[in-house]
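This report refers to the structure that appears directly beneath it.
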Amino acid sequence: MSKASIAAPSEQEFQSSSVFDELGMERDPNNLYLQIIDAVLQAADILELPHHLKLILAQPKNEIMVHFPVQMNDGNYRLIKGYRVQHNNVLGPYKGGIRFHQDVHLDDVKALSALMTMKCSLVRVPFGGGKGGVKINPRELAQDELMRVSRRFITAIAQQIGPDTDIPAPDVGTNSQIMAWFADTYMNIAGGTARHDAARVVTGKPVEMGGSLGREKATGQGLVDVVAEILPNMGMPLEGLKFSVLGFGNVGSWAGKLLQERGAKMVAVMDHTGALRNDEGIDCALLAEHCAETGGIAGFNRAHCATGSGANTNAGAEVITEEEFYKTPVDLFVPAALEQMITAENADWIDAKVIAEGANAPTTPMGERRLLANGVEILPAILCNAGGVTVSYFEWVQNKSAHPWDLEKVDEELNRHMVLAARRTQLAKHRYECDLRTAAYIAALEHIGKVYGHRGIFP
Ligand code: NAD
């Protein structure tokens with residue numbers, strides 16, 4: 002079989018141009034949605050998926066856009082824009098996070114919803130793909146303003162979501178408190194006897210109101226499960242492994258803490274407040290505490306470094322530039338911030354053997370092309386960050402059965418799902434002689450294709 006791998010779209014055209022033409026889709030090579038669909042369709046070509054399934058997967062089923070007014074604490078009203086995109090539900094209810102961010106756009110939400118379809122299929126949880134976003138900067142809002150925004154958004158999309166229809170979860174800028182407000186709002190709307198079961202409409206809730214133990218760390222933990230499954234076979238045991246993390250929020254900090262527990266050492270880290278390096282290791286647990294207190298890694302004190310003497314109160318490890326961060330030599334680089342941060346411009350700076358994508362779509366197609374040319378192995382996002390949706394599924398199952406699991410069971414089941422997904426991906430890579438991202442899409446599409454094959458297209 003000839004070597005198959007996904008090429009980045011050129012300025013002129015995408016690889017899957019016939020489907021794009023048939024659906025009248027635009028050809029903007031910088032559009033994240035088109036980039037992702039193009040990559041999925043190339044994997045579908047390799048798998049020889051029926052043409053009508055490519056058409057179905059190339060567009061989301063529903064794109065919901067809402068505008069709602071919220072009164073701010075200064076007495077003024079703001080009109081806020083929100084999105085919920087439901088990409089595909091052949092495997093089960095739509096599932097995916099809701100992001101609060103000032104730069105949220107429809108095409109980004111569409112892109113993330115398509116990734117959710119692929120991700121749920123790859124880890125074999127019975128959910129389809131969805132995603133949502135609200136165009137606000139949560140850091141600028143007071144708690145009560147944030148609560149009103151959360152409640153109004155869920156009210157605006159309440160007819161389109163539901164515990165067996167579409168199940169939101171946290172993403173960038175949202176957390177378990179916001180999930181609690183989402184759930185409470187929806188429970189009040191549902192009312193009557195459906196009221197308590199209605200809490201299943203959201204996952205990532207606080208444990209006290211039905212959230213799963215282990216959900217908060219799940220995405221980082223799933224990434225570590227994948228890395229622990231794949232890297233030792235590449236001659237890289239976790240003990241002594243040097244890694245760097247881009248974005249030290251939920252995913253980045255948990256991945257860092259759990260890698261550190263396994264004997265690996267974080268030598269560089271960057272977030273929106275700056276970048277730090279310490280070749281002796283930066284203590285991820287202490288840095289996470291510092292971030293919780295201050296909102297970012299800036300100002301982390303040298304006394305907190307793994308081998309820091311404490312005498313130098315100058316800075317938390319050495320403060321470095323963005324370029325120096327990318328150029329820090331590591332075995333493993335973990336992007337865990339936002340989309341599209343590894344580009345053609347900075348990909349050549351990355352001095353790593355392996356990239357484990359914690360963030361969704363952190364690598365542009367042109368960035369990916371350069372990394373692959375440089376011999377960097379990329380463990381794709383739909384594999385590495387699927388731990389979050391997997392434990393969300395466990396939460397939904399626990400709510401449905403009214404029987405909470407202990408943490409050991411959550412950890413064990415998560416590990417099983419992640420290891421099997423990693424093996425599925427590696428198997429597809431060997432079978433189709435392609436890169437791991439293509440392989441992960443193939444492994445996901447194989448399952449979706451079989452389900453469509455059994456169900457057929459209604460009527
Ligand atoms: P978060 O808000 O907790 O953390 C985001 C981090 O990115 C922060 O440390 C922030 O400082 C950093 N960041 C933002 N802009 C940056 C910039 N310009 N330069 C450097 N750093 C920057 O978000 P999260 O939940 O950890 O999500 C991170 C990524 O993982 C997103 O792509 C998200 O979609 C994806 N993801 C999250 C989950 C989950 O369970 N939280 C699950 C799957 C995928």
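Numbering-wise (the numbering used here), the sequence shown opens with residue 2 and increments by one.
Ideal placement from N, C-alpha and C gives every residue a C-beta, glycine not left out.
These numbers come from a predicted model, not from an experiment.
- [ ] Could you spell out where the alpha helix (DSSP H) holding Q103 opens and where it closes?
- [x] Element bounds for Q103: n/a, residue is neither H nor E.
TODO: Helix, strand or coil for L92, going by three-state DSSP, please let me know.
DONE: Three-state DSSP puts L92 in coil, outside helix and strand.
TODO: Output the distance between the C-alpha atoms of L107 and L239, rounded to the nearest integer angstrom.
DONE: One Cα belongs to L107, the other to L239, and the distance between them is close to 39 Å.
- [ ] Quick one: grab the DSSP three-state call for K120.
- [x] Of the three classes helix, strand and coil, the one that applies to K120 here is helix, per DSSP.
- [ ] Grab me the residues of W182's own chain with a C-beta within less than 7 Å of its C-beta, minus the 5 sequence neighbours each way, in chain order.
- [x] So the list reads M148, S151, R152, once near-sequence residues are dropped.
- [ ] Could you tell me if L437 is buried or exposed, where buried requires 16 or more neighbouring beta carbons within 10 angstroms of its beta carbon?
- [x] That one is buried.
Open item on the list: Please determine whether the Cβ atom of A338 lies at a distance below 7 Å from any heavy atom of the ligand NAD.
Closed with: For the ligand NAD, a non-hydrogen atom lies closer than 7 Å to the CB of A338.
TODO: Answer with buried or exposed for N315, where buried requires no fewer than 16 other C-beta atoms within 10 angstroms of its C-beta.
DONE: Only weak support exists for where N315 lies, its pLDDT of 36 falling under 50; the value from the coordinates is given anyway. With fewer than 16 other Cβ atoms within 10 Å, it is exposed.
Task: Own chain, CB closer than 7 Å to L24, minus 5 neighbours either side, in chain order - done: Contacts found: L56, A59, Q60.
TODO: Consult DSSP for Q160 and reduce its assignment to one of helix, strand or coil.
DONE: Looking at Q160 - three-state DSSP - the assignment turns out to be coil, as it is neither helix nor strand.
Open item on the list: Using the Cβ count rule (16 or more neighbours within 10 Å means buried), how would you classify L446?
Closed with: Burial call: buried.
Task: S402 burial status per 10 Å Cβ neighbour count (16 or more: buried) - done: That one is exposed.
Task: Which listed residue (V390, A200, R100, E325) has its alpha carbon closest to that of P139 - done: Checking every option, the nearest Cα to that of P139 belongs to R100.
- [ ] Given a cut-off of 8 Å, decide if L380 and E358 are closer than it, judged by their beta-carbon atoms.
- [x] A contact, by the Cβ cut-off of 8 Å.
TODO: With DSSP as the reference, label A403 as helix, strand or coil.
DONE: Judged by DSSP in its simplified three-state form, A403 adopts coil rather than helix or strand.
Open item on the list: Three Cβ pairs or more, each shorter than 8 Å: is that satisfied between the stretch 108-122 and the stretch 28-48?
Closed with: Result yes; three or more Cβ-Cβ pairs closer than 8 Å.
- [ ] Check whether the Cβ atoms of A276 and I321 lie closer than 8 Å to each other.
- [x] It is a contact, given that the beta carbons lie within the stated cut-off.
TODO: Mind the definition here: the stretch 352-371 touches the stretch 398-415 only if three or more C-beta pairs lie below 8 Å; say whether that holds.
DONE: With the rule of 3 Cβ pairs closer than 8 Å, the stretch 352-371 does not count as touching the stretch 398-415.
Task: Contacting residues, own chain, Cβ-Cβ under 6 Å from G134 (five flanking each side not counted) - done: If we look at G134 and ignore the five residues flanking it on each side, its Cβ neighbours are Y84, R100, V105, V110.
- [ ] Put K430 into one of helix, strand or coil per three-state DSSP.
- [x] Helix at K430.
Open item on the list: By the DSSP assignment, the beta strand (DSSP E) with S245 in it spans what residues?
Closed with: According to the DSSP assignment, S245 belongs to the beta strand (DSSP E) that extends over 243-247.
Task: CA nearest to the CA of D407, picked from S213, I343, S177 - done: When each option's Cα is compared against that of D407, the closest is S213.
Open item on the list: Tell me the DSSP secondary structure of A331 in three-state form.
Closed with: The sequence shown places Val at residue 331, not Ala. V331: coil per DSSP, three-state reduction.
- [ ] Report yes or no: do the stretch 281-300 and the stretch 234-251 share at least 3 C-beta pairs separated by less than 8 Å?
- [x] Result yes; three or more Cβ-Cβ pairs closer than 8 Å.
TODO: Determine the DSSP secondary structure at E141, reduced to helix, strand or coil.
DONE: In this structure, E141 counts as helix in the three-state DSSP scheme.
Task: beta-carbon G250 near the ligand NAD non-hydrogen atom, thresh 7 Å - done: Yes; taking the cut-off as 7 Å, the Cβ of G250 has a heavy atom of the ligand NAD nearer than that.
Open item on the list: At the level of alpha carbons, what is the spacing between K243 and I162?
Closed with: So the two alpha carbons sit approximately 43 Å from each other.
- [ ] Tell me where the beta strand (DSSP E) around E319 begins and ends.
- [x] Start and end: 319-321.
Open item on the list: So, for G93: in the same chain, excluding its five sequence neighbours on each side, which residues have a beta-carbon less than 7 Å away from its beta-carbon?
Closed with: Within the same chain, G93 has close Cβ partners P127, F128, G129.
Open item on the list: Using a 10 Å radius around the Cβ and a threshold of 16 neighbouring Cβ atoms, would you call P336 buried or exposed?
Closed with: With 16 or more other Cβ atoms within 10 Å, it is buried.
Task: Among D226, K82, D198, F21, nearest to E413 - alpha-carbon criterion - done: That would be D226, whose Cα lies nearest to the Cα of E413.
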